[in-house]
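First the structure, in the form of structure tokens, and then the observations on it.
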Amino acid sequence: MPRQNHRCARRPHPERRAHGGAARHPRTGFAARWKTIYSQGIPPHFGALVKTLLPHTRFGTRRARLLTVLTVFAVALVGTAGLAGLQSGTTVPDATIAASKGTAVGAPSASMLGIRTFAKPAGVTVTADVVYTTEADGTPLALDVCSPAGSTPGTPGAAALPAVVSIHGGSWVRGDKANDDWRGVCEWLASEGFVAYSVDYGLAPASVFPAAIDDLATAVEWIRRPDNAARFGIDPARIGAFGGSAGANLAMLLGTRGTGPLTEGSRVAAVAELSGPTDLTGQALATDGASERLANLVLRYLGCSSLADCPQAVAASPARRLDRTDPPVFIGQSDHEFIPLAQATRFSANLERLAIAHELVVVPGTVHSIGILDEGMRARVAAFLHGTLGH
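Listed below in structure tokens is the structure:
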């Protein structure tokens with residue numbers, strides 16, 4: 000059925016969050032994780048970061064749902080220009096993050112995007128431009144499906160695979176599911192054994208909030224439908240979301256949408272996000288020192304003229320929509336990037352308060368979104384997704 004025009008008033012989605020005392024939904028498969036603050040050899044300007052993160056870290060706890068604060072002070076070694084992006088260091092299993100000194104300044108160039116260090120493996124297949132819904136004006140919205148090498152959907156006895164919805168960034172006003180970098184994300188997720196769905200959604204200013212999140216909720220429902228799940232060989236009970244920048248905000252909104260089981264409707268069972276704004280209210284943006292550019296992008300996305308009079312900012316803020324039924328979350332961010340670090344640390348504290356399993360990984364520098372998705376960060380995100388969604 001054609002969808003309602005994004006420019007018009009939109010009917011509430013049936014799973015729109017109704018806050019209250021809903022019972023906690025059980026989460027399974029997420030092992031208790033370590034937590035560490037590695038401070039050896041930290042440059043002086045990182046002291047404030049450590050002071051920010053230490054209050055959220057309690058050493059020696061044994062609860063199954065632990066806050067993992069992984070402060071990764073690692074950057075590219077001098078002379079290793081061939082490896083783009085920040086290097087996330089070497090992990091000593093279940094213990095410490097080793098660090099190497101270096102610098103990471105300025106906006107990322109084309110050669111500094113971490114995802115561009117990924118080389119597509121043989122065998123990953125892409126099914127492009129699968130229409131999942133149609134707008135009221137007849138415009139189709141489509142997704143691309145990246146399938147792991149050797150997957151055989153529809154074959155009797157074939158194991159159903161976990162799925163990840165990949166949500167591109169672009170400040171809510173631009174971007175595409177199939178540009179080179181986000182196609183790389185889709186293929187990387189497939190190489191990790193997930194069926195990845197790279198999804199297009201309505202962009203502002205033509206499609207203001209809540210158009211984009213409604214589109215993505217529709218996509219998840221389409222993916223989960225029994226015929227579509229069988230077509231691509233996925234387990235409809237194991238769907239996660241990954242996003243960067245504006246896509247990270249939308250991935251988190253997917254995670255906080257609704258209160259029912261994480262295996263039904265448009266709910267997702269895990270969220271991994273890089274550089275996502277978590278609180279779009281004027282008060283939070285001002286307190287966190289957000290740039291005028293970020294504030295203007297938020298206004299355009301929300302369709303408001305002033306953050307002082309923009310009630311939809313609350314509904315568009317994952318930090319304001321959390322409850323105990325929400326899934327585990329992975330948060331990755333640079334400490335001096337476009338999105339203020341306080342957006343990540345405060346969101347982490349809220350997750351801790353609600354006993355929602357999560358990880359926070361902070362790297363030094365200014366590189367944004369999938370620019371930090373280098374080999375080390377990819378390994379951490381993949382481990383998180385496997386820990387929550389399985390193999």
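Numbering (numbering that gives the first Met the number 0), first residue to last: 0 to 390. Yeah, the Cβ is synthetic: ideal placement off N, Cα and C, and Gly gets one too. Everything numeric in this text was worked out from a predicted model, so none of it was measured.
Between the CA atoms of residue j and residue i - distance to the nearest angstrom
i    : j    : result
W171 : L350 : 25 angstroms
A121 : T133 : 33 angstroms
I233 : R223 : 8 angstroms
V270 : E220 : 16 angstroms
P310 : H367 : 28 angstroms
N178 : R323 : 36 angstroms
A218 : D334 : 32 angstroms
V328 : G153 : 31 angstroms
T124 : A148 : 7 angstroms
A473 : T277 : Because the chain here runs from 0 to 390, residue 473 falls outside it and cannot be looked at.
F193 : G281 : 37 angstroms
I338 : L293 : 8 angstroms
R237 : A382 : 15 angstroms
E191 : G275 : 23 angstroms
G168 : L388 : 23 angstroms
A341 : G156 : 48 angstroms
A312 : T255 : 15 angstroms
Residue i in three-state terms, based on DSSP
i    : result
S197 : strand
L215 : helix
R377 : helix
S165 : strand
I338 : coil
H357 : strand
R323 : coil
S290 : coil
D175 : coil
G183 : helix
G254 : helix
Burial state of residue i, where buried means 16 or more other Cβ atoms lie within 10 Å
i    : result
E186 : buried
A158 : exposed
N295 : exposed
D226 : exposed
G288 : exposed
T89  : Residue confidence is low: T89 scores 25 on pLDDT, short of 50, so the model does not pin down where it sits. Its coordinate-derived value is still stated next. Under this definition T89 is an exposed residue.
G113 : buried
G137 : exposed
D213 : buried
A378 : exposed
E263 : exposed
Whole-angstrom C-beta distance between residue j and residue i, which should lie under 8 angstroms
i    : j    : result
D199 : D180 : No, D199 and D180 are not in contact; Cβ-Cβ is about 15 angstroms, not under 8 angstroms.
Pairs of beta-carbons, one from the segment 197-209 and one from the segment 293-301, closer than 8 angstroms: are there three or more? yes
The segment 226-240 / the segment 350-365 touching (three or more Cβ pairs under 8 angstroms): no
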